[in-house]
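Enquirer:
Numbering (the UniProt record's numbering), first residue to last: 1 to 70.
Here it is, written out as structure tokens:
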């Protein structure tokens with residue numbers, strides 16, 4: 001919640017909240033530090049069209065464009 005306060009006060013220029021209430025970092029969805037959620041995102045990236053045998057590096061680069069986590 002502290003991060004949201006800083007965003008609201010304009011003190012976090014790289015972060016924002018979109019019209020759906022999703023926190024974003026430089027336009028990418030900001031994923032909270034929840035291991036199961038991160039695992040789900042990685043598994044979905046592996047199953048989706050992002051990884052039709054592209055290799056680990058390609059899948060990582062594709063997911064990196066959409067998601068951010070510390």
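By construction, the Cβ of each residue, glycine as well, lies at the ideal position given by its N, Cα and C atoms. Since the structure is predicted, the reported quantities are computational estimates derived from the model, not experimental observations.
1. Can you have a look at residue 6 and say buried or exposed, based on whether 16 or more other CB atoms are within 10 angstroms of its CB?
2. Any heavy atom of the ligand SAM closer than 7 Å to the CB of residue 13?
3. So, at 8 Å on beta carbons, what are the nonlocal neighbours of residue 69 in its own chain, with the 5 sequence-adjacent residues on each side left out?
4. Beta-carbon separation of residue 66 and residue 28 under 8 Å?
5. Using a Cβ-Cβ cutoff of less than 8 Å, which residues in the same chain neighbour residue 42 once the five nearest sequence positions on both sides are dropped?
Expert: Let's see:
1. Locating residue 6 in the chain shown gives position 6, where the first residue counts as 1. Residue 6 counts as exposed, since fewer than 16 other beta carbons sit within 10 angstroms of its beta carbon.
2. No copy of the ligand SAM appears in this structure; indeed no ligand is present at all.
3. The residue labelled residue 69 in the question sits at position 69 within the chain shown. Within the same chain, 30, 31, 32, 33, 38 come within 8 Å of residue 69 by CB-CB distance, once the 5 residues on both sides are set aside.
4. As a position in the chain shown, residue 66 is number 66, starting the count at 1. As a position in the chain shown, residue 28 is number 28, starting the count at 1. Yes; because the gap between Cβ atoms is below 8 Å, this pair is in contact.
5. Stepping through the chain shown from its first residue, residue 42 is reached at position 42. The answer, listed in chain order, is 63.
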